[in-house]
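With mature numbering (1 follows the signal peptide of the UniProt record, and there is no 0) applied, the sequence shown corresponds to residues -37 to -1, 1 to 357, in that order. Below: one structure, written as structure tokens.
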Amino acid sequence: MAAASARAPSRAASSVGTAAGVLLALAVLLTEQVIVADSLSIGVNYGQIADNLPAPGRVSTLLRSIKISKVKLYDADPHVLRAFLGTGVEFVIGIGNEHVPAMVSSTAAQAWLQQHVVPHLRAGARITCITVGNEAFKGNDTALQASLLPAMHSVHQALGTLGLQGRVNVTTAHSLDIMGVSYPPSAGAFAPGAVAHLQPFLKFLSATRAPFLINCYPFFAYKDDPARVPLDYVLFQPNAGVTDPSTGLNYDNMLYAQVDAVYSAIKALGHTDVDVKVSETGWPSRGDPDEVGATPQHAGTYIGNLLRRIEMKQGTPLRPAVPIDVYVFALFNENLKPGPASERNYGLFYPDGTPVYNVGLRGYLPPMADSQGARQAVHVILLIAMATVAFALS
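So, in structure tokens, the structure goes:
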């Protein structure tokens, strides 16, 4: 009997083992607070100008499945921020251009933070940066442009009042149109009309240790002049590159040249202590007939090669020791975006979670049935499993 007992566990022990196994499996299925491990270094822009996108809770699972841990929003959508609680995903949130003039008021800035930031930080969200406006100098909205820096000061001061200064940066994202000269990179200079605004803006970024955000799209350069802009150069494909005649630095891709041109422009205004981050870059998978190069093949090549370089921790030729920091545009195709067809086709994924092209990001988008009701049902089963363990141990 003793030998038989040694070979076969008791019924109680078997019940404990079975119940514990069920409990463990259910806990894994149930958990919504799985921190992204071994995450990719690249970030992604999560735009929502569409009427067919999955719910934020499903998107949270998708992004965790592809190990994305940095997300940039164009607003402060509470549904998104709540859906990502406990995941460790880091957020850049935004104040839309239409709200920037109001943020000049310290009372309005503090009220905005109290509503859109403080509750989420208290709940455990990781909000590390607020962008005040987006590409404010691209158009002719002088009121927006005049209020941009005062609004940034106001938001920054309000963060200090709330005890959040140093925890959340304040900046804005610029279009590359802000550059007057971008080639060669060493000659990079801001457009004359923007310099008066940028001098005090850079002083603010330097004082607060906030980054200069730039939206860079080599696609636009290729689309506008495909006969003169080498495709391999804009797609990070092998090529001889171009050499900056002043520095002797060789550039084998346009994105790095654009970033270093921004660094040169910042230096020309007296600053070497402001980091440049690429807040948007991407390549459309479809476009109008006159949008040369907008194909899934080119989009996949651009994003795939960029991902590989980011994971290699590459820096630009001007700053080789500083890994380039990039947010890809965009997570999904957005079917309600205005403008040419390309604007609706920058996504890495279709709204159903299918990759638009293959760059190795094959994530998991839970089915719609994976809803609150389904999770509540799993909670009930989990409670039963816990009771079974308790009974077996008694």
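Beta carbons are placed, not taken as given, at the ideal position from N, Cα and C, and that holds for glycine.
Decide yes or no for the touch test of the stretch 169 to 180 against the stretch 137 to 155: beta carbon pairs closer than 8 angstroms, at least 3 of them. yes
Counted within 10 angstroms of its Cβ, other Cβ atoms place Gln73 as buried (16 or more) or exposed: buried
Which residue wins for smallest C-alpha separation from Val291, given the options Tyr265, Pro314, Pro303? Tyr265
Run through the DSSP bridge pairs and tell me what Pro318 is partnered with. Phe312
Identified DSSP bridge partners for Lys33: Glu53
Glu274 by DSSP, collapsed to three states: which one? helix
Straight-line gap, Phe199 to Asn216 (C-alpha atoms, nearest Å): 5 angstroms
Just to confirm my understanding: we take Leu(-14), look at its own chain, exclude 5 residues before and 5 after, and list those with CB closer than 7 angstroms. What are they? Here Leu(-14) scores only 40 on pLDDT, less than 50, and its place in the model is too uncertain to base an answer on.
Report the three-state DSSP secondary structure of Leu194 (helix, strand or coil). helix
Thinking Lys186 and Gly256 are a contact (beta carbons under 8 angstroms), I'd like their distance in whole angstroms, please. 6 angstroms
Residues bridged to Glu61 [DSSP beta-bridge criterion]: Answer is none; Glu61 lacks a bridge partner.
What does the Cβ neighbour count give for Asp207, buried or exposed, with the cut at 16 atoms within 10 Å? buried
Output the distance between the C-alpha atoms of Gly204 and Ala159, rounded to the nearest integer angstrom. 34 angstroms
Which of the three DSSP states is assigned to Lys186 in this structure? helix
Considering Cα atoms alone, identify which of Leu294, Ala293, Leu281, Tyr309 is closest to Pro259. Tyr309
Start-end ranges of the beta strand (DSSP E) lying completely within the stretch 129 to 194, minimum 3 residues: 132 to 138, 142 to 144, 175 to 178
Any idea what DSSP makes of Val225, helix, strand or coil? helix
Relative to the C-alpha of Pro19, which candidate in Leu44, Leu3, Ile31, Val7 has its C-alpha closest? Leu44
Distance between Leu324 and Ile29 (C-alpha atoms, nearest Å): 6 angstroms
Determine contact between the stretch 55 to 72 and the stretch 98 to 110, defined as no fewer than three beta-carbon pairs at a distance below 8 angstroms. yes
Outcome for Glu61 when other beta-carbon atoms lying within 10 angstroms are tallied against a minimum of 16: exposed
If you drop the 5 nearest sequence neighbours on each side, which residues of the same chain put their C-beta closer than 7 angstroms to that of Pro189? Val255, Gly256
Within a Cβ cutoff of 6 angstroms, which residues of the same chain sit near Ser305, ignoring the five residues on either side of it in sequence? Pro247, Gly250, Glu254, Ala257
Hey, is the stretch 269 to 277 in contact with the stretch 7 to 21, meaning 3+ C-beta pairs nearer than 8 angstroms? no
Taking 7 angstroms as the threshold (C-beta atoms), are Ile56 and Asp90 in contact? Note that residue 90 corresponds to Ile in the displayed sequence, not to Asp. Their beta carbons are under 7 angstroms apart, which means Ile90 touches Ile56 by this criterion.
Report the rounded CA-to-CA distance for Val222 versus Arg307, giving the unit in angstroms. 25 angstroms
Cβ contact check for the stretch 310 to 329 and the stretch 33 to 48: 3 or more pairs under 8 angstroms: no
Using the Cα positions of Phe295 and Val144, report the straight-line distance between them to the nearest angstrom. 32 angstroms
Any idea which residues DSSP pairs Arg89 with across the strands? Glu53
Helix, strand or coil: which one does DSSP assign to Ala255? One detail in the question is off: residue 255 reads as Val in this sequence, not Ala. Note: Val255 maps to coil in three-state DSSP.
Use the C-beta contact count for Leu299: other C-beta atoms within 10 angstroms, 16 or more gives buried, fewer gives exposed. exposed
According to DSSP, Tyr290 sits in a beta bridge with which residue or residues? Gly6
Where the alpha helix (DSSP H) through Thr124 begins and ends: 105 to 124
Quick one: Cα of Asp315 to Cα of Asp14, how far? 12 angstroms
In whole angstroms, what is the alpha-carbon distance linking Thr171 and Phe100? 22 angstroms
Out of Leu311, Ala220, Met331, point me to the one whose CA is closest to Ile5's CA. Leu311
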